[in-house]
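For reference, the structure is listed below as structure tokens.
Protein chains in written order, with the numbering used here: chain A, 2 to 354; chain B, 8 to 595.
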């Protein structure tokens, strides 16, 4: 069933390589975000795909001068999160806690909505639209953790996963309402084009590489050199231990979701000028990031990044040689890796409870 | 054991339902869908809820069943009844192949692995020519009995629900058996199960295949109910929904799978038909509400709805009646070798840390040897080396003259070595009786099929009789039908001893048996251990309670930082300067 297809020449090879690495870079970002969230909260972040789609489509909607529905969603979710915070604080009513809740849950999304309202309808500079999109999705990510996961943070991975699936379904449904069934494309961050011999590099690809590398370095600096980063890592290693030394694990979870949603939104904004995104495209893009994350064992950032590039390349080349089987190949890619991993690291039985 | 009449009542109600006059035909379709989902969910209950293996791939197995019959009955004109066994075999074989790859994955890799191949298979169904690519296969013939063609939902309804009820009964039987106890022990980790001879790799593969065959059965029924198949109902979303059904219903309960299917399918139906009436036909509102309800349900009842509902129902599980006059065959009375257990330079290194440093000692028949030492001295590691939970780095360990190098924990159990654990490893939601009966696993013979069909009852009665006797022997008769998790920690340790005794061991390894016991209980335990020794058993025990050890042990081996520093009778150990130094520091 493999197609004979055209022979591989240098131009095509270079094109496939570039395509693979560009996609791989995006998968790397998503994979990193998933590793981050899983390590800190044990949540397998299925809604990562929605963060991608929301980021991309919010950005594309803003570029057309309209107000994206996600800005409203952020406010509503903020109100619910506020109700949760009030409920949680009902026994010890401290003004400081309430003030923080008001600031984070109500003022923040309302200000973002006001900004969006004020700025929409004009042709904004691209950075303004990007910043707005990131703020909106960041708010959604933060409130998602507060509402759906923080109250059940102590339960099993399976229960968290089911909640994760529920969140994915709900957010996907909202995506359809906000953005419609039609796909959208956004304006490129850069329209530059560099030609080196037979190699043509678009400014957009360069932006993808640059931002991916910058984010990976930033994450590394964050986790290795800042107190917050170390607190997140401590939560990942041992929740109870982290709490005992005074780290607020609920805050770590919120932080992880905030970072993941921003990373997801950035990935979306990076790819929406290259391919048309639909309200439900995020799921499959997110899953490919997930494949990379699994290969990285949900632990290692560098391996995840490298694996993501490999996933991108395999996808590019299989779409050339056996386009029908592209997805089959990408998703079965991880099975041998999983087998090797479980052979290399034999079953260690952890003491539960 | 379990009462029959609730199931019979349920079957009668289900049989009568379509006969109710003017029942909307649509309800029957809904019930058919519930039955189909319940079959898959039941498999997941066994796999995920009971066995602890989460699978995102169950819908793919439905696909194997559905496509097998679709291809054979359309392209080759094979009768649908003939394709039933074939569909089950194909799903089962697919499970063998995928199971061999994925079941041995540990921890979170397993669900992720199943997610991967389930995605791959979904795309494969959509691309392969002979299964009709994305268009699928249509015009599948209906089921027929004689001249009766089951074209409408009302006729295949009976086939579907007979399958559901039959599967539920067979699965209940399976769980309530020797094989079932092995499966139920999986979730608490493999170490304890293996120490009593359960081949955990095989048990995992077994439940994996079992769940896949149930899914394949559902797929076969689906194909002949809708009479067309496409890849969509076999994708990851469907798999996730099945998992969700199991969790909502109660992942640990067979009827939880059925209840979950009712809740989820009815809920989806209500959302799909009424939400547009309230909010207008806008978008995928039902998807949003469904997602929100899902999150809310998980928040409100993380354990599922069935356990809550079962608590309200009038019928209770009756404790089994046990005929203690039955006896299992005892270990053949051969002449015991002069040395039961021999360690010669046993060593275990974890990277640079030497946990057990060239330790040598032996245990002779009818002897109680105590292994003592400060925390971290390597006592439990030594136990793990003897029982093959860990590989020794070097040295030689022999049990009854057999070198244990290269053997499995199951083989050690077969040699007659039974153990307890420092951190209690009982299955908390099994009764004391069931936990202890796991110890007699190797002394029973009944397999999976015998258990499902209840041909195992004679064998099972003997196992339960033996378990009852050992529970009475350790003095926990009053707690026999309580859940192990509800006992105090001290009592749980005693349950572990009863479980170990069920092996009919020649050598008993006890890891801190007296921890958590009160003074009187310790004295009773000491008396029991002496009685066991006098009956011919040898005991090697790790214990921190020096009074207990000094009174009981014939010989004491002292470890410190992995190295043996002394060996001798209690009296010589008490005065040994090295031992005093190790326990109290150099100044003493």
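The C-beta atom is built at its ideal place from N, Cα and C for all residues, glycine as well.
Test item: CB-CB of residue 87 (chain A) and residue 102 (chain A) under 8 Å: Less than 8 Å separates the beta-carbon of residue 87 (chain A) from that of residue 102 (chain A).
Excluding the five sequence neighbours on either side, which residues of its own chain have a C-beta within less than 7 Å of the C-beta of residue 498 (chain B), listed in chain order? Setting aside the 5 residues that flank it on each side, residue 498 (chain B) is surrounded in the same chain by 483 and 486, each with a C-beta closer than 7 Å to its C-beta; the list follows chain order.
Ranges of the beta strand (DSSP E) found wholly within the stretch 522 to 558 of chain B, counting only runs of at least 3: The stretch 522 to 558 of chain B contains these whole beta strand (DSSP E) runs: 545 to 549.
Any Cβ of chain A within less than 8 Å of the Cβ of residue 616 (chain B)? Outside the displayed range of chain B (8 to 595) lies residue 616 (chain B), so it cannot be described from this structure.
Taking DSSP as the reference, what is the three-state secondary structure of residue 506 (chain B)? Shown here, residue 506 (chain B) sits in a helix according to DSSP, grouped into three states.
Within 8 Å of any Cβ in chain B, is that where the Cβ of residue 3 (chain A) sits? Because residue 3 (chain A) carries a pLDDT of 45, less than 50, the predicted location of this residue cannot be relied on, and the following value inherits that uncertainty. It does not: the Cβ of residue 3 (chain A) has no partner Cβ on chain B nearer than 8 Å.
Beta-carbon proximity list for residue 453 (chain B), same chain, < 8 Å, skipping 5 on both sides: So the qualifying residues of the chain are 184, 185, 186, 462, 463, 466 and 467.
Run through chain A and tell me which residues come within less than 9 Å of residue 134 (chain B), C-beta to C-beta. Contact note: residue 134 (chain B) reaches chain A through 2, 325, 326, 328 and 329, using a C-beta cutoff of 9 Å and chain order.
Counting Cβ pairs, one atom from each stretch, are 3 or more of them under 8 Å apart for the stretch 353 to 372 of chain B and the stretch 553 to 570 of chain B? Contact between the stretch 353 to 372 of chain B and the stretch 553 to 570 of chain B is present, because at least three Cβ pairs lie under 8 Å.
Rounded to the nearest angstrom, what separates residue 397 (chain B) and residue 585 (chain B) at their Cα positions? Taking the CA atoms as reference points, residue 397 (chain B) sits about 29 Å from residue 585 (chain B).
Would you say residue 332 (chain A) faces chain B, with C-beta separation under 8 Å as the test? Interface with chain B (8 Å Cβ-Cβ cutoff): residue 332 (chain A) is included.
Closer than 8 Å to chain B by CB, residue 352 (chain A): Confidence in residue 352 (chain A) is poor, its pLDDT being 37 and thus under 50, which makes the residue's placement unreliable; the coordinate value appears in the next sentence. Interface residue, yes.
Segment contact, 8 Å Cβ cut-off, at least three pairs: the stretch 422 to 436 of chain B with the stretch 193 to 210 of chain B: Three or more pairs of CB atoms, one per stretch, sit closer than 8 Å, so the stretch 422 to 436 of chain B contacts the stretch 193 to 210 of chain B.
Residues of the stretch 169 to 195 of chain A in Cβ contact with chain B at a cutoff of 8 Å, in chain order, please. Answer in chain order: 169, 170, 171, 172, 173, 174, 175, 177 and 178.
Cross-chain neighbours of residue 152 (chain A) in chain B, by beta carbon under 7 Å: The answer, in chain order, is 306.
Going residue by residue through the stretch 208 to 238 of chain B, where are the continuous beta strand (DSSP E) segments of at least 3 residues, counting only ones entirely within it? With a minimum length of 3 residues, no continuous beta strand (DSSP E) run stays inside the stretch 208 to 238 of chain B.
CA-CA distance, residue 102 (chain B) and residue 278 (chain A)? Roughly 36 Å between the two C-alpha positions.
Would DSSP call residue 402 (chain B) helix, strand or coil? It is a strand residue.
Three-state secondary structure (DSSP) of residue 199 (chain A): Coil, per DSSP.
Taking only the alpha-carbon atoms, compute the straight-line gap between residue 245 (chain B) and residue 252 (chain B) and give it to the nearest angstrom. Taking the straight line joining both Cα atoms gives about 10 Å.
Go ahead and pull the three-state DSSP assignment for residue 192 (chain A). The answer is coil: DSSP assigns residue 192 (chain A) none of H, G, I, E or B.
Cβ shell of residue 126 (chain B) (< 7 Å), same chain only, five flanking positions each side left out: Only 243 meet the Cβ criterion.
Burial state of residue 67 (chain B) (16 or more Cβ within 10 Å): Buried, by the Cβ-count rule.
Taking a Cβ distance cut-off of 9 Å, strictly less, list which residues of the stretch 246 to 269 of chain B are near chain A, in chain order. The residues in question are 247, 248, 250, 251, 254, 255 and 258.
Would you say residue 171 (chain B) and residue 45 (chain B) are within 8 Å of each other, going by their C-beta atoms? With contacts defined as CB atoms closer than 8 Å, residue 171 (chain B) and residue 45 (chain B) qualify as a contacting pair.
Residues near residue 250 (chain A) in its chain [Cβ-Cβ closer than 8 Å; skip 5 each side]: Short of 8 Å from the beta carbon of residue 250 (chain A), and not among the five residues preceding or following it, lie these beta carbons of its own chain, in chain order: 154, 236, 240, 243 and 244.
Quick one: does residue 159 (chain A) have its CB under 8 Å from some CB of chain B? Output row for residue 159 (chain A): interface = yes.
Roughly how many whole angstroms lie between the Cα atoms of residue 211 (chain A) and residue 38 (chain A)? Using only the alpha carbons, I get a separation of about 23 Å.
Residue 575 (chain B) bridges to which residues according to DSSP? Paired residues: B:563.
For the 8 Å Cβ check, are there 3 or more pairs between the stretch 135 to 148 of chain A and the stretch 64 to 81 of chain A? A contact between stretches requires three or more CB pairs, one per stretch, nearer than 8 Å, and the stretch 135 to 148 of chain A meets this requirement with the stretch 64 to 81 of chain A.
Whose Cβ in chain A lies nearer than 9 Å to the Cβ of residue 120 (chain B)? Simply 295, 335, 336, 339, 340 and 343.
For my contact list, residue 342 (chain B) and residue 545 (chain B) are in at a C-beta cut-off of 8 Å; report their separation, rounded to the angstrom. No, residue 342 (chain B) and residue 545 (chain B) are not in contact; Cβ-Cβ is about 14 Å, not under 8 Å.
If we ignore side chains and look at the alpha-carbon of each, how far apart do residue 261 (chain B) and residue 49 (chain B) end up? If I take the Cα positions, the gap works out to 6 Å.
Against chain A, with Cβ distances strictly below 8 Å, would residue 123 (chain B) count as a contact? The beta carbon of residue 123 (chain B) falls within 8 Å of a beta carbon belonging to chain A, placing the residue at that interface.
Just to make sure I have the definition right: I need the residues of chain B whose C-beta is within less than 9 Å of the C-beta of residue 167 (chain A). Which are they? Listed along chain B, the residues sitting closer than 9 Å to residue 167 (chain A) by beta-carbon distance are 251, 297, 298, 299, 300, 301, 302, 303, 304 and 305.
Return the CA-CA distance between residue 140 (chain B) and residue 156 (chain B), expressed in angstroms with no decimal places. So the two alpha carbons sit approximately 28 Å from each other.
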